[in-house]
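Inspection log for the structure reproduced underneath, given as structure tokens.
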Amino acid sequence: MPAFVNEASLSLWVEADRLAALRTFDILDTEPEAAFDSLAKVAAHVCNAPIALVTLVDEQRQWFKSQIGLKGLREAPREVAFCAHVILQSDLFVVADATKDPRFSGNPAVTGDPHVRFYAGAPLATADGLPLGALCVVDTIPRPEGLTQVQSETLLALAGAVMSQFNLRRVSTITAQSEHRYRALIEASATMVWRASPDGAIIDGSPEWSEITGRSPEASKGFGWLAAVHPDDSERVVAVRQNIFASARSGTYEFRVRQTNGEYRWFKSRAVPILSASGSVQEWVGTLTNVHDKKTAAERLRVSGERYRALVNASAAVVWRARPDGAVLEGWGWETFSAEGPEESRPFGWLESVHPDDRDHVIAVWQKALASGQPCAQEYRTRRRNGEYRWSLTRAVPLLGIDGTVQEWVGTVTDIHSRKQAEEELWRAANYDALTGIPNRVLFQDRLERALAEARESGTSLSLLAIDLDEFKGVNDSFGHDAGDALLKETAARLSSVARDGDTVARLGGDEFVVLLSGSTRLEHAATLAEGLAKKLSQPISYAGQMIASRASIGVAAFPDHGTDAADLMKDADMAQYRAKAEGRNRVVTYSHEMRAATERRTTLRREMREAVSLDQIMPFYQPKVSLSTGEIVGFEALARWAHPTLGLLTPATFGDIFDDPELATMVGRRLMGKVVSDMRQWLNRGLRFGQVAINLSHREFVQPGQAEDILRILDRSKVPPQHFEIEITEKVLLDAQSDVVSSALEKFRARGVQIALDDFGTGYASLTHLKRFPVDHIKVDKSFVQGIEQNPDDEAIVTAVVSLGRSLNLKVTAEGVETAGQAERLREMGCSAAQGYLYAKPMDGSDVPSLLSEWTARLIPAKRLLLIER
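Sequential numbering of the sequence shown, starting at 1, is according to the UniProt record's numbering.
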């Protein structure tokens, strides 16, 4: 015999028992009934589904007692039935998209009519937990979100109503069958008759007595029939008969009679006196009726009722019945849920224990259910005997009569306080920042949307402050993450301390905060408030005996001055905050529309740059580097150029911002690298002496994992000796927190003979320590210093110091941006190694390099190698 395990409740049942329970309802293959159709229609309506079914799962088939939305179909094979899965559950069984569920994607009901996509079924189970079938709803479109909580609870409540209707139908059927048997017994003279003398002695009786008891008519006369009475009943029967006969009035009594097979069965006797004209009893006549089935049925009902009451008393729920108008008739377990007992709760006394803030809503929902005759479920707080309010869930289901009208309501009340507390904790975890205790991005977004809606409706304004801590990463790196957390908490506390009622302070993530200033806050006031916040946030905090610097950049945006919806307003505040960072940090910047235009330009530029890479529009141009001592070309710098289809040849001054995007910077760098190495290979094949070719790597590119290995692999694949190659980096690379990664990459280049040049030296924050720590071969003096060496003593002093530093550290020094012979001569006098700039040549296409080298060699005058070259 197969056994099935319900995974939700881990209860075990046997299929034969389940099928036997199903047969007891005697409902399979019966005609549709209004009561079940009504419940199915309600399920379809509540769940907004085109199809609803009341199904019973037989041994080999699924049979439909009610079907809404399926015409002509009364049954289906069990092996393809969705409901066959429901009977293995104790709760809702939901299939969000049958086409994506491997259990059902090939099901004929999915691939063909009715094209099932969504399915939700509530099990129909007996009180003993034996599943019979399901109340289900079906949709022809997927529902990734499933059912709402109210729909789910209503579907379960309706399933309970279906089972109640099944039980009501079975009781009606049993009653009708009993009545039919009773009439048949009467018609078949199943009721015996007897006659007795005034003192009760039997004179004669129906012959059926002898057939039943096996005693002869003669032996049963007088009081001989008492020998067939159960010993436990005989004394009582004699006493009752004596009282009846003494009173000379009709009376009844019940007793058990021994059958021929030794079994005792219950009979009921009725005695009626036959009176003389004087009123004395002449004789007694009576009937003897077999009431054994009725008696035992009543006893079973009594035991069942006691068992039901015991189960209710032992459960953690209130079970109640109410009239069609909602007045409570009776209930069990009120005292565990309410300050009112069973008596005080009737008919509407239970409302007194409902929390005052919930009462009006509870009444409104209940009245709506009474008016519509539809099931309902609602949650509210109930006062307990100790005065505490706890959350309860009430479900109410109508029981319909044959005419479809509500005959009464039945329902339950369960304690859901723990669940509500858990939901509250989950909600707080989802809406509040765990570290600082202030709202997070989710709750802030909701409040911003609400505030904007109110501002639009009232015609008022609101402002937004986007706040980002400056150098927060440095705090984590220098003092540890615990210190960083302390700074974040203190920042939240400082922001909250100045927030007004109605304002929202939130942490969006990392070191990003935001303040929503509601209540018709003008832009000017918001900017003033932001200045005060910046000042407050700039005060250092004390942590573990150390003072930690704290600064913040703040962007200000307002509605309706700037963005008109939440997304735009956030972007505006962020852009203003980014501008504050770019302008030196620790300041407040108010958004302007020019910022959005600049951002849109950058976005467009990045999109076009991606297209440019795919269309091979990125190419290298080469500018020579000339030895100031010999006048010879000692190398080239490869510079990126963009052959724009409409704007012409563009330099990095136009598109340099794209190198802030690591992915895009790497794409452009790799494409440029490939072309440079290809040109170098061609020059080598022609036997040209071009020295070293330098290529710039942005900070974003250099810190990418595996960057050094990839470049060396490209050189090896093209058979270009690494000694002909040079990498130019900026001081920002040396300052990166990932200095170990940087150092490792530089060492790998040094080991293979690739030269390292420090570009734009003097414009950043690199120190002598960095020059000592990292393997740098070459420093390049930024053109901003070079161009003023003839007129500006400060520039001359700086360049002199850099050249002297380079020579002391045995580093080559190249001056960039040399445009005049005077600049070249002064650099030579300082001892600068090389120069590059328009004095010698403008950047050129790789195809022009060979002719430049040939012409340069031919025109090189040994006596004046480094001065005027007229081109």
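Ideal placement from N, C-alpha and C gives every residue a C-beta, glycine not left out. Here the structure is a predicted model, which means the values were calculated and not measured.
{"query": "S497: which of L529, L734, V406, E632 sits nearest, CA to CA?", "result": "L529"}
{"query": "Distance check for A567 and residue 872, CA to CA, integer angstroms please.", "result": "Lying outside 1 to 871, the shown extent of the chain, residue 872 is not represented and no answer is given."}
{"query": "By how many angstroms is the C-alpha of E33 removed from the C-alpha of R74?", "result": "13 Å"}
{"query": "So F267 and D233 are in contact, right, with Cβ under 8 Å, and what is the actual spacing, rounded?", "result": "At roughly 10 Å, the Cβ-Cβ gap does not stay under 8 Å, so F267 and D233 are not in contact."}
{"query": "Which partner residues does D204 have in the DSSP bridge list?", "result": "R195"}
{"query": "As a quick exercise: from S250, E153, L462, Q704, pick the residue whose alpha carbon is nearest that of P198.", "result": "S250"}
{"query": "Please report the Cβ distance between G674 and I714, rounded to the nearest whole angstrom; I am assuming they are in contact, meaning their Cβ atoms lie under 8 Å.", "result": "7 Å"}
{"query": "Pull up the distance between the alpha-carbon of R681 and that of L697, whole angstroms please.", "result": "20 Å"}
{"query": "What did DSSP end up calling R686 once you bin it into helix, strand or coil?", "result": "coil"}
{"query": "Consult DSSP for K473 and reduce its assignment to one of helix, strand or coil.", "result": "helix"}
{"query": "From the DSSP secondary-structure annotation, give me the bridge partner or partners of M547.", "result": "S542"}
{"query": "Over what stretch of residues does the beta strand (DSSP E) that includes R215 continue unbroken?", "result": "It is not in any beta strand (DSSP E) - R215 carries neither H nor E in the DSSP assignment."}
{"query": "Nearest-angstrom Cα distance between R383 and R359?", "result": "12 Å"}
{"query": "Is the number of C-beta pairs between the region 272–292 and the region 314–332 that are closer than 8 Å three or more?", "result": "no"}
{"query": "Would DSSP call H778 helix, strand or coil?", "result": "strand"}
{"query": "Cα-Cα, which of L464, A52, S392 is closest to H355?", "result": "S392"}
{"query": "Select from C83, V193, P439 the residue whose C-alpha is nearest the C-alpha of G509.", "result": "P439"}
{"query": "Check each candidate in S550, S718, G648, D415 and name the one with the smallest Cα separation from P540.", "result": "S550"}
{"query": "Going by DSSP, which residues form a beta bridge with E726?", "result": "A694, Q755"}
{"query": "Excluding the five sequence neighbours on either side, which residues of its own chain have a C-beta within less than 8 Å of the C-beta of I186, listed in chain order?", "result": "Bear in mind that the predicted position of I186 carries a pLDDT of just 43, short of 50, making it unreliable; the figure below should be weighed with that in mind. Answer for I186: no residue qualifies."}
{"query": "Counting pairs of Cβ atoms below 8 Å between the region 637–653 and the region 591–603, do you hit three or more?", "result": "no"}
{"query": "Expressed to the nearest angstrom, what Euclidean distance is found between the alpha-carbon atoms of H724 and Y622?", "result": "14 Å"}
{"query": "When the Cβ atoms of the region 615–630 are set against those of the region 821–837, are three or more pairs found closer than 8 Å?", "result": "yes"}
{"query": "Is it right to say K571 is buried, meaning 16 or more other beta carbons lie within 10 angstroms of its own, or is it exposed?", "result": "buried"}
{"query": "For S105, which residues in the same chain have their Cβ closer than 6 Å to its Cβ, ignoring the five residues on either side in sequence?", "result": "T99"}
{"query": "Straight-line CA distance for D661 to Q445?", "result": "27 Å"}
{"query": "Closer than 8 Å is the cut-off here; do at least three beta carbon pairs connect the region 161–175 with the region 137–152?", "result": "no"}
{"query": "Please classify S804: does DSSP put it in a helix, a strand, or coil?", "result": "helix"}
{"query": "Grouping DSSP H, G and I as helix and E and B as strand, with all else coil, what is E59?", "result": "coil"}
{"query": "Suppose the cutoff is 6 Å on Cβ atoms and the five residues either side in sequence are ignored; what does the same chain contact list for D433 look like?", "result": "N440, R507"}
{"query": "Using only the alpha-carbon positions, how far apart do A526 and T730 sit?", "result": "39 Å"}
{"query": "Counting Cβ pairs closer than 8 Å, one from the region 388–405 and one from the region 466–476, do we hit at least three?", "result": "no"}
{"query": "What's the gap between the Cα of S518 and the Cα of D503?", "result": "6 Å"}
{"query": "Can you name the start and end residues of the alpha helix (DSSP H) that N243 belongs to?", "result": "231–247"}
{"query": "State the Cα-Cα distance for the pair E796 and D616, rounded to the nearest angstrom.", "result": "42 Å"}
{"query": "Does L605 come out as helix, strand or coil in the three-state DSSP assignment?", "result": "helix"}
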